[in-house]
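Heads up: the structure comes next, in structure tokens.
4 protein chains.
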Amino acid sequence: MGQSDIRFGLIGAGRIGKIHAETLARKVKGVTLVAIASPRGESARSLASSLGVKKVSASVEEIFADPTIDAVAICSPSSLHSQHIIAAARAGKQIFCEKPISYDLVEVDRCLEAVKTAGVILQIGFNRRFDPNLARLKKIIDNDEVGALEMLSIISRDPEPPPIKFIPTSGGMLFDMSIHDFDMAHFLFGEVEEVHTYGGVLVDAEIGKLGDIDTALTSLRFRSGALGTIQNSRRAAYGYDQRVEVFGSKGMAASENVLEDNVNLSLENGSLASKPLYFFLERYAKSFELEIAAFIQCLRNGEPSPVSGSEARQSVLIAMAAERSMREGRLVRLSEIG
Amino acid sequence: MGQSDIRFGLIGAGRIGKIHAETLARKVKGVTLVAIASPRGESARSLASSLGVKKVSASVEEIFADPTIDAVAICSPSSLHSQHIIAAARAGKQIFCEKPISYDLVEVDRCLEAVKTAGVILQIGFNRRFDPNLARLKKIIDNDEVGALEMLSIISRDPEPPPIKFIPTSGGMLFDMSIHDFDMAHFLFGEVEEVHTYGGVLVDAEIGKLGDIDTALTSLRFRSGALGTIQNSRRAAYGYDQRVEVFGSKGMAASENVLEDNVNLSLENGSLASKPLYFFLERYAKSFELEIAAFIQCLRNGEPSPVSGSEARQSVLIAMAAERSMREGRLVRLSEIG
Amino acid sequence: MGQSDIRFGLIGAGRIGKIHAETLARKVKGVTLVAIASPRGESARSLASSLGVKKVSASVEEIFADPTIDAVAICSPSSLHSQHIIAAARAGKQIFCEKPISYDLVEVDRCLEAVKTAGVILQIGFNRRFDPNLARLKKIIDNDEVGALEMLSIISRDPEPPPIKFIPTSGGMLFDMSIHDFDMAHFLFGEVEEVHTYGGVLVDAEIGKLGDIDTALTSLRFRSGALGTIQNSRRAAYGYDQRVEVFGSKGMAASENVLEDNVNLSLENGSLASKPLYFFLERYAKSFELEIAAFIQCLRNGEPSPVSGSEARQSVLIAMAAERSMREGRLVRLSEIG
Amino acid sequence: MGQSDIRFGLIGAGRIGKIHAETLARKVKGVTLVAIASPRGESARSLASSLGVKKVSASVEEIFADPTIDAVAICSPSSLHSQHIIAAARAGKQIFCEKPISYDLVEVDRCLEAVKTAGVILQIGFNRRFDPNLARLKKIIDNDEVGALEMLSIISRDPEPPPIKFIPTSGGMLFDMSIHDFDMAHFLFGEVEEVHTYGGVLVDAEIGKLGDIDTALTSLRFRSGALGTIQNSRRAAYGYDQRVEVFGSKGMAASENVLEDNVNLSLENGSLASKPLYFFLERYAKSFELEIAAFIQCLRNGEPSPVSGSEARQSVLIAMAAERSMREGRLVRLSEIG
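Residue numbers (my numbering), protein chains in the order written: chain A, 1 to 338; chain C, 1 to 338; chain D, 1 to 338; chain E, 1 to 338.
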């Protein structure tokens with residue numbers, strides 16, 4: 001791809017779509033956001049207008065069919081991701097797609113096949129890999145600063161549960177929320193061989209009635225022999241809790257929470273530090289930007305993305321094994337899944 | 001028991017024996033340490049002399065037979081604990097005994113039976129319950145400050161492995177080291193129903209050759225439905241790592257490491273905080289003292305100890321379930337054990 | 001002023017000019033940056049081109065003469081600030097000007113007079129007032145969260161001295177660097193009555209040869225009776241050190257350093273936290289943006305700026321008193337100055 | 001002095017007397033506390049009885065006259081220190097004396113003369129020099145870890161003011177409280193040449209009516225050219241605030257507060273760390289013990305104490321200069337004092 005601007009089409013104008021739209025239109029260079037497709041016309045038009053995007057369409061196909069569009073950012077509902085990936089690949093578009101590809105391994109593999117056949121680049125939106133703190137953990141590992149890896153500890157808690165009506169279409173907590181941590185585990189410690197997952201309904205009984213969980217504890221064994229533990233909760237009274245610790249033969253690296261501010265207030269009852277940044281939009285604002293910048297760099301260099309479809313497939317595998325472990329009350333090997 | 005001094009005999013003059021001797025002779029009131037029994041005469045005599053203890057004996061039986069002795073502190077090798085508990089109980093002595101009672105549930109139950117028959121008080125040396133930080137966690141829980149309990153997270157790592165020759169008689173890492181954390185789990189979150197344990201040999205292959213592990217990751221499900229995770233390692237390059245987090249519906253309480261000092265050194269590469277206190281003798285110095293004070297209070301009040309034999313039995317059950325889980329690669333319910 | 005965009009002209013295209021240009025062109029709404037004036041044509045053209053600014057001029061007068069321009073942002077060299085303020089005021093432009101107005105009180109007063117006569121709004125670039133941490137300190141004070149104010153403690157150290165050739169035109173450390181802290185003192189604790197300043201040349205003897213200092217320690221007494229201390233250094237080996245503590249009858253609020261990341265690396269020698277963000281461009285990035293947003297809001301509402309010329313005059317007064325105190329080795333009252 | 005026990009007499013059985021009695025009787029080796037003299041017989045007898053001290057006397061002279069006593073610990077009221085030092089020196093006793101020697105420089109010099117004539121060792125109770133955190137700061141300086149010293153920053157605040165009736169006999173805040181910080185400044189940064197002190201009555205107007213202050217801010221210039229600042233308050237709502245920062249050419253070392261425990265409680269409003277240890281008896285418990293151990297080592301080795309009378313004289317000089325500075329509203333050189 002040459003030095004002229006890469007022309008992007010955006011699929012979806014929801015919460016995440018808006019973030020990527022802003023990044024594409026204002027924050028990265030060498031890119032033009034030329035079109036937005038969304039069935040929600042009002043929202044799409046308003047977004048397009050505020051960012052100076054000229055074309056708005058209700059039809060996704062129009063984007064795929066537009067020969068002046070080089071790349072698409074797929075931010076449609078999760079259940080449409082795989083069909084949009086396949087259509088985009090067939091149209092020869094470069095593809096950035098929000099996670100997950102699909103909750104179904106067969107669908108995932110169909111997407112990977114389509115992408116491979118088309119020879120396009122696919123990147124999945126595991127933005128946390130680009131978070132400066134977590135990216136530094138990766139670098140610390142790669143530089144052997146903590147030595148041989150022995151234990152990974154992830155604590156990942158949302159400030160509050162999603163609206164109850166979101167639960168049935170969420171794919172379940174393990175696929176919707178924990179999957180970020182499964183990807184992080186894979187990103188930092190490599191291939192996972194086995195998992196054991198405990199699920200619980202401790203936050204809201206309504207979630208349980210819908211067949212989902214709101215609390216999870218996953219143990220992992222990596223191919224290297226290292227171990228890992230992931231704690232998830234749909235609610236933390238003290239806010240969005242996002243911590244990762246990497247323990248190895250030479251020491252430990254810990255990514256701590258990012259707080260609302262750095263003011264400590266010392267009063268009669270002790271010294272009060274501020275809460276973590278409110279939620280993922282605030283906590284991972286920078287990583288949403290950096291993942292797009294990385295994708296564009298891949299397009300420019302014609303290189304595969306570091307968050308390729310086959311990478312993303314691993315997190316689906318772990319989530320499936322975790323789900324099975326939880327349902328069947330036993331350790332599950334990933335080789336059982338696929 | 002009246003207001004005259006309680007007269008103690010000490011069994012064993014090793015590392016832990018010395019600590020309890022010092023506490024009994026110098027740090028708590030209303031107590032006289034009157035005799036020390038140890039096969040290692042030199043060490044016992046030197047200890048007795050430095051503390052003004054008049055009687056030293058090579059024979060444990062002599063202590064049990066001495067009618068002027070009210071209570072004993074058993075600090076003999078672990079393999080002798082159960083026979084010393086039974087003998088002491090039969091002699092009508094009040095009993096403080098280092099952990100563990102035994103690695104064998106039958107033995108444990110024989111001890112509990114003997115203690116019950118004799119009507120004496122038995123306290124096991126799970127000193128960490130008395131650590132001011134961990135005791136405050138318990139209080140926070142009891143005061144409902146973090147609400148309904150949902151997740152317990154314990155990280156417990158030694159600064160370095162024990163001498164390799166200690167491994168064969170240690171009872172194994174789960175019984176020797178993790179058992180403190182199992183007791184802490186039981187102390188803070190109540191009864192454990194299930195465990196899943198991963199063991200690994202990641203620190204020293206020699207430990208593996210002896211059939212033991214040096215790394216463990218245990219998941220627990222409590223009767224209440226709460227979950228827990230315990231990370232253990234025989235070595236942490238940055239020192240003795242002892243952290244406990246209690247997560248509940250209202251928030252989280254975290255007991256952080258206690259450091260060598262509170263000096264931060266900010267140089268060109270960042271700001272360096274000091275390491276944790278070296279090892280358990282330093283880190284839990286206060287709790288060794290407070291557990292004896294609590295035992296004496298129980299004797300004075302004629303009340304059962306909060307760290308009774310049946311409490312201690314629970315930690316053995318968890319350790320046995322953890323061992324079985326690790327060996328068989330599956331979730332184990334405590335009801336399978338006994 | 002109506003709801004059409006406010007049209008800005010930028011004076012100066014240096015380091016700070018670029019920051020404000022970016023803010024005006026991209027980060028705040030309701031504003032158009034229509035012209036850039038700078039004697040350094042190359043730099044100005046490149047900046048204008050990257051931001052889509054149409055007009056570039058070598059002549060400041062052209063900006064002032066342009067009737068389509070509503071407001072100017074003055075980022076010229078400090079020695080030109082006062083003449084540019086006066087010219088802008090006479091041309092009826094709204095004025096945002098970088099600190100300082102002038103190092104000369106007569107000049108300052110001429111500016112304030114011109115602004116008053118013209119009836120325009122003037123805001124001086126004491127951006128730190130808009131830093132989220134420091135703004136929260138102000139709010140904590142205003143909310144009476146720390147009670148009656150008693151002691152202010154500011155530590156403000158640059159990571160490294162400026163190029164030595166900058167020193168002669170800098171106005172001196174007290175006017176160039178400490179003045180931010182003098183403004184912060186005034187902002188947080190109100191009017192200053194007296195100062196005592198120690199100056200030292202401890203970092204670089206060359207700075208001393210040029211008649212300047214590189215280390216300063218200022219004590220202040222506020223009109224309220226509260227006291228304050230300000231520590232300044234031109235160099236901190238561990239990076240940009242920017243801390244403020246507010247102590248009062250009910251407690252203390254402390255704004256701590258903002259670090260490069262939240263990763264702690266625990267190795268054999270302790271636990272290493274990252275350094276502070278590199279320098280003011282990084283540390284105060286957000287406040288550069290927020291001060292412009294606040295200025296625009298004042299223009300929209302036709303209200304005087306919270307960082308008005310007479311506010312800025314106070315910091316000059318304090319700096320002059322500090323300089324005199326240092327030179328004469330005595331306590332100086334602000335009423336001696338003017 | 002040989003290897004037989006050093007025999008101590010204690011003068012005074014008040015709060016500090018009890019602490020030193022306990023240290024001498026129980027915590028250090030090679031020492032016997034043989035006598036306690038106090039006009040408050042009840043208190044002295046009770047103390048003696050609990051520690052097994054045989055001799056109790058109402059007469060200080062009896063202690064000095066007792067030829068079997070090698071050393072005395074003077075814990076009488078401050079106003080009696082100098083006469084007790086002189087009497088003890090004349091009796092040939094080794095002398096540990098609580099701070100201050102006297103508030104009067106003539107008295108101080110009479111004491112130093114008497115001690116010199118008698119050839120005995122005198123140590124003054126500036127216990128904070130032995131605090132592990134502050135002692136580490138000294139070591140960091142001596143090891144050149146922070147490079148050439150540039151700025152010392154001490155924050156020293158009591159949790160609450162002393163009883164109002166104590167004020168008139170306290171010697172004033174600068175002599176009673178700040179003097180510890182003056183000694184610390186001298187200990188860490190060496191000789192002080194000049195001081196400027198602001199005093200205020202911000203905590204309790206009653207203190208002001210008695211002619212004393214409750215808030216102080218002192219700036220210092222050291223002979224080396226380094227600068228220092230000391231903040232004092234008689235009251236901090238959040239507890240005993242004891243922090244020291246040493247800033248130099250290579251970096252900074254900071255001794256932070258020691259907290260009641262290491263538990264952080266994260267609730268809806270943020271994360272609450274515990275308060276500092278209550279007051280000096282808790283915060284400096286260890287240093288009270290270590291200063292006596294150091295004194296005994298000096299006696300054993302026949303070496304002068306590191307906290308000699310002439311060292312202690314420096315802190316009195318600084319306090320006198322600070323007082324004069326505050327009263328006269330000007331910078332004061334120590335050479336003006338004596």
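Yeah, the Cβ is synthetic: ideal placement off N, Cα and C, and Gly gets one too.
Fair warning: this is a prediction, and the values are worked out from it, not measured in the lab.
- D:C298 sits in a helix when the DSSP states are folded into three classes.
- Residue nearest to D:A114 within the set D:S233, D:Q83 and D:V192 is D:Q83 (criterion: CA-CA distance).
- Only buried fits A:F187, as 16 or more other CB atoms lie within 10 angstroms of its CB.
- Only residues of its own chain outside the window of five on either side were considered, and among them I95, C111, A114, V115, T117, A118, V120 and L122 have a CB closer than 8 Å to the CB of E:A89, listed in chain order.
- Within chain A, the residues V146, G147, G248, S249, K250, G251 and M252 have their CB atoms less than 9 Å from the CB of C:A237, given in chain order.
- At least one beta carbon of chain C lies nearer than 8 Å to the beta carbon of E:N133.
- For the stretch 266–295 of chain D, the beta-carbon criterion of a distance under 8 Å to any beta-carbon of chain C is satisfied by S266, L267, E268, N269, G270, S271, L272, A273, S274 and K275.
- The beta-carbon distance between D:K275 and D:E260, rounded to whole angstroms, is 6 Å. This is short enough to meet the 8 Å contact definition.
- Within the stretch 22–53 of chain D, the residues whose Cβ lies closer than 7 Å to some Cβ of chain A are R26, listed in chain order.
- Taken in chain order, the complete beta strand (DSSP E) segments of 3 or more residues contained in the stretch 178–261 of chain D are 192–200, 215–222, 227–233, 241–248 and 251–255.
- In the assembly as shown, D:P67 is an exposed residue. Its beta-carbon has fewer than 16 other beta-carbons within 10 Å.
- E:R330 is the residue among E:K18, E:R330, E:R128 and E:L47 whose C-alpha sits nearest the C-alpha of E:S219.
- Annotation: A:S308 is outside any beta strand (DSSP E) and is labelled neither H nor E by DSSP.
- Contact annotation for E:M151 against chain D: T215, L217, Q231 and S233 [CB-CB distance below 8 Å, chain order].
- Distance from the CA of E:A37 to the CA of E:R283, rounded to the nearest whole angstrom, comes to 27 Å.
- At a cut-off of 8 Å between C-beta atoms, D:N264 counts as an interface residue with respect to chain A.
- Straight-line measurement puts the Cα of D:T229 at about 56 Å from the Cα of C:S315.
- In the structure shown, C:V332 adopts extended strand secondary structure according to DSSP, grouped into three states.
- Closer than 7 Å at the C-beta level to chain E, one finds these residues of the stretch 194–206 of chain D: H196, Y198, G200 and L202.
- In this structure, the beta-carbon distance from D:V31 to D:R45 does not fall below 8 Å.
- Under a 10 Å Cβ-count criterion, D:L281 is classified as exposed, with fewer than 16 other Cβ atoms of the shown protein chains found around its own Cβ.
- Taking a 10 Å sphere around the C-beta of A:D183, we find 16 or more other C-beta atoms and assign the residue as buried.
- Look at the stretch 35–61 of chain A and you find these whole runs of alpha helix (DSSP H), each 4 residues long or longer: 41–51.
- Taking 8 Å as the Cβ-Cβ cut-off, the stretch 109–140 of chain D approaches chain A at P132, N133, R136, L137 and I140, given in chain order.
- With a beta-carbon spacing of about 45 Å, A:R223 and A:G270 fall beyond the 8 Å limit used to define contacts.
- For E:T32, the beta-bridge partners assigned by DSSP are E:R7.
- Secondary structure of E:P77 (DSSP, three-state): coil.
- E:N133: member of the alpha helix (DSSP H) spanning P132 to D142, first to last residue.
- Looking from the CA of E:L334, the closest CA among E:R327, E:L317, E:E328 and E:M326 belongs to E:L317.
- One finds P132, N133 and R136 in chain A with Cβ atoms closer than 7 Å to the Cβ of D:D261, taken in chain order.
- Take the alpha-carbon of D:A148 and the one of E:S325: they are about 26 Å apart.
- Look at A:G270 here: in three-state DSSP terms it is strand.
- Within chain A, the residues placing a beta-carbon under 8 Å from that of C:R330 are R330 and L331, ordered along the chain.
- Boundaries of the beta strand (DSSP E) harbouring D:R157: L149 to R157, taken from the DSSP string.
- DSSP places D:F280 in the uninterrupted alpha helix (DSSP H) bounded by F280 to R283.
- Counting along the chain, C:I19 sits inside the alpha helix (DSSP H) bounded by residues R15 to E22.
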